[in-house]
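*Asks:*
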Amino acid sequence: MERFDVVVVGAGPAGSSAARFLSEKGLKVLILEKEKLPRFKLCGGALSSRFSRYLPEDFKGRVLNTINRGYLGFRGKGYKVKEKKEVAYIIDRADFDHYLALKAVEKGAELREETELLDFWEDKGKIILDTTRGKISCDFLVGADGFHSRVSKILGFKKEKYYRSVEFLADGEMDFESVIIELGVVSRGYLWVFPKGDNLNIGVASTERENLLRVLEDYIKNQKAIKVKKTYRPRSWFIPIAEGYGELHTGRGRVLLVGDAGNFVDPLLGEGIYYGYLSGLLAGESIIQNPQNPQSLYRERAKEIAKEFYYAGKIAKIAYRFQRVAHRMGGGTSLERYMEFLRGYTTYEELYKKGWIDFLKNLIL
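This is how it looks when you write it as structure tokens:
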């Protein structure tokens, strides 16, 4: 039976960041990926500029679009904001994930593609993995296998809250340095239009059961912000939500969950790349710094993220319940403050506490 110090299941940003960090520290690391890389990945592809500290220089030339403008709309009306510096990058997820996985391999990790985890259990102090290519033994297991995580399911965790989402690519015209967020099109969620190279990425997410494809079709017919020439096949997926301290799933024992597998996704707009990558680093650090009980350290480190999600969840509940008011707040300082958040200059806690002043003003006026 093959033996590794750490096995990482899933070669997304969360898994690759953990694998790269652990390999740099000298551990023998295996990444299991059930598909062949590069593989298609459903994702809006927006990466907040606060990620730039983790983004290697040699990848920046592969960024599709650099964003410094935003538009917040509500049923035909909208507000625009323009920043001097970039607030987000648009990337191709297939390319980005493949790049990060290869960076982990450069540091010594082994990448085993088209290999699926079937089951795992503990035996005599080791974790035994049963895969489609045989059994493997390891000391630590990192579950980075996404929303439908098998690692998470085997541990007994369930996804209690999530966004349903539909998106498609389109040929068309827009401001390719801007993103569009539309409120008022679904009851609990939002619609987005992102540039994606020379194409458009148009999608909608909601926590409610709604006909999201029809929402997108109606929006394209009635809106005037963009010009759509041709749409491609729509695709759907789920985005996990963690709105409180107990809703992050960090794993159990020497099995650590990262990224979507552990609900490390911003509950306001569903950004998962930044928090997924960060959770992978935190998991790796916890294994190195406290190998006897990495779960304890990882759970403690994740509290800061949980705190951010707690306040992001509060903002989401207000914004999506009172969407007209949320839109009016965007015409003041709230949208500018959110741009600062994307650059890493403020926190969700600060946004929430300052936002209450704007919220009450707009509720009264």
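Residue numbers (our numbering): -18 to 346. Cβ coordinates follow ideal geometry from the N, Cα and C atoms, glycine included.
Can you say whether D152 is buried or exposed, counting buried as having 16 or more other CB atoms within 10 angstroms of its CB?
*Replies:* The sequence position of residue 152 within the sequence shown is 171, counting from 1. With fewer than 16 Cβ atoms within 10 Å of its Cβ, D152 is classed as exposed.
*Asks:* Does DSSP put V62 in a helix, a strand or coil?
*Replies:* The count along the sequence shown starts at 1 and reaches residue 62 at position 81. Three-state DSSP puts V62 in a strand.
*Asks:* Would DSSP call L164 helix, strand or coil?
*Replies:* As a position in the sequence shown, residue 164 is number 183, starting the count at 1. Strand.
*Asks:* List the whole-angstrom C-beta distance separating G61 from Y70, where the pair is believed to meet the contact cut-off of C-beta under 8 Å.
*Replies:* In the sequence shown, counting from the first residue as 1, residue 61 sits at position 80. In the sequence shown, counting from the first residue as 1, residue 70 sits at position 89. Position check: residue 61 holds Lys in this sequence, whereas Gly was assumed. With a Cβ gap of about 20 Å, K61 and Y70 do not count as contacting.
*Asks:* With H, G and I counted as helix, E and B as strand and the rest as coil, what does DSSP make of G265?
*Replies:* As a first step, residue 265 is located in the sequence shown; it is residue number 284 there, counting from the start. Three-state result, G265: helix.
*Asks:* Q204 to V196, Cα distance in whole Å?
*Replies:* For the purposes of this step, residue 204 is taken as residue 223 along the sequence shown, with counting starting at 1. For the purposes of this step, residue 196 is taken as residue 215 along the sequence shown, with counting starting at 1. Q204 and V196: Cα-Cα distance of roughly 12 Å.
*Asks:* In chain order, what residues of the same chain have a beta carbon less than 8 Å from the beta carbon of R93, not counting five sequence neighbours either side?
*Replies:* Here residue 93 refers to the residue found at position 112 of the sequence shown. Within the same chain, R93 has close Cβ partners L11, I12, L13, E14, R114.
*Asks:* Just to confirm before moving on: does the CB-CB distance between D126 and G(-9) stay below 8 Å?
*Replies:* Here residue 126 corresponds to residue number 145 of the sequence shown, with the count starting at 1. Here residue -9 corresponds to residue number 10 of the sequence shown, with the count starting at 1. In contact: D126 and G(-9) (Cβ atoms closer than 8 Å).
*Asks:* Please return the same chain residues whose Cβ sits closer than 7 Å to the Cβ of G311, not counting the five positions on each side in sequence.
*Replies:* To locate residue 311, count along the sequence shown from 1; it is residue 330. Counting only Cβ-Cβ distances below 7 Å, and skipping sequence neighbours, we find L53, Y60.
*Asks:* How would you call W102, buried or exposed, if buried means at least 16 neighbouring beta carbons within 10 angstroms?
*Replies:* Locating residue 102 in the sequence shown gives position 121, counting from the first residue. Under this definition W102 is an exposed residue.
*Asks:* Apart from the five residues just before and just after I72, which ones in its own chain have a Cβ nearer than 7 Å to its Cβ?
*Replies:* Residue numbering aside, residue 72 sits at position 91 when the sequence shown is read from its first letter. Once the five neighbours on either side are set aside, the close Cβ partners of I72 are G26, L28, V44, L45.
*Asks:* Thinking C-alpha only, which one of K116, E330, K211 is nearest L249?
*Replies:* Residue mapping note: residue 249 aligns to position 268 of the sequence shown, counting from 1. That would be E330, whose Cα lies nearest to the Cα of L249.
*Asks:* What residues match up with G51 in a beta bridge as DSSP calls it?
*Replies:* Residue numbering aside, residue 51 sits at position 70 when the sequence shown is read from its first letter. Answer is V62, V160, bridged to G51.
*Asks:* Which residues in the same chain have their Cβ closer than 6 Å to the Cβ of G261, if we skip the five residues on either side of it in sequence?
*Replies:* For the purposes of this step, residue 261 is taken as residue 280 along the sequence shown, with counting starting at 1. Contacts found: A(-5), S(-2), A(-1), V239.
*Asks:* Taking DSSP as the reference, what is the three-state secondary structure of F322?
*Replies:* Taking the sequence shown and counting its residues from 1, the one referred to as residue 322 is at position 341. Helix, per DSSP.
*Asks:* To the nearest angstrom, how far is the alpha carbon of I162 from that of H230?
*Replies:* In the sequence shown, residue 162 corresponds to position 181, counting from 1. In the sequence shown, residue 230 corresponds to position 249, counting from 1. If I take the Cα positions, the gap works out to 29 Å.
*Asks:* Between the Cα of V(-11) and those of F32, V123, E64, spot the shortest distance and give me the residue it belongs to.
*Replies:* The residue you call residue -11 lines up with position 8 of the sequence shown. Comparing Cα-Cα distances from V(-11) to each of F32, V123, E64, the minimum goes to V123.
*Asks:* Classify V196 as helix, strand or coil using the three-state DSSP reduction.
*Replies:* In the sequence shown, the residue the question calls residue 196 occupies position 215. It is helical.
*Asks:* Decide yes or no for the touch test of the segment 31 to 42 against the segment 286 to 303: beta carbon pairs closer than 8 Å, at least 3 of them.
*Replies:* Output reads no: the segment 286 to 303 does not touch the segment 31 to 42.
*Asks:* Note the first and the last residue of the continuous beta strand (DSSP E) segment covering S4.
*Replies:* By one-based count along the sequence shown, residue 4 stands at place 23. Note, S4: premise wrong, no beta strand (DSSP E); alpha helix (DSSP H) at -6 to 5.
*Asks:* Please state whether DSSP places F175 in a helix, a strand or coil.
*Replies:* The count along the sequence shown starts at 1 and reaches residue 175 at position 194. Correct three-state label for F175: strand.
*Asks:* Looking only at DSSP bridge pairs, what is F219 linked to?
*Replies:* What you label residue 219 is simply residue 238 of the sequence shown in a count that begins at 1. DSSP lists R145 as partners of F219.
*Asks:* Measure from the alpha carbon of L136 to the alpha carbon of each residue in G253, G232, E289, then state which is nearest.
*Replies:* Mapped onto the sequence shown, residue 136 falls at position 155. Among G253, G232, E289, the Cα nearest to that of L136 belongs to G232.
*Asks:* Hey, quick one: how far does the beta strand (DSSP E) through Y70 stretch, first residue to last?
*Replies:* On the sequence shown, position 89 is the one that residue 70 refers to. Taken as a continuous stretch (DSSP letters only), the beta strand (DSSP E) holding Y70 covers 69 to 71.
*Asks:* With a Cβ-Cβ cutoff of 8 Å, do E158 and T314 count as a contact?
*Replies:* Mapped onto the sequence shown, residue 158 falls at position 177. Mapped onto the sequence shown, residue 314 falls at position 333. The answer is no: Cβ separation not under 8 Å.
*Asks:* In the DSSP output, what is I108 paired with across the bridge?
*Replies:* Along the sequence shown, read from residue 1 onward, the residue named residue 108 stands at position 127. BP columns for I108 point to E103, C119.
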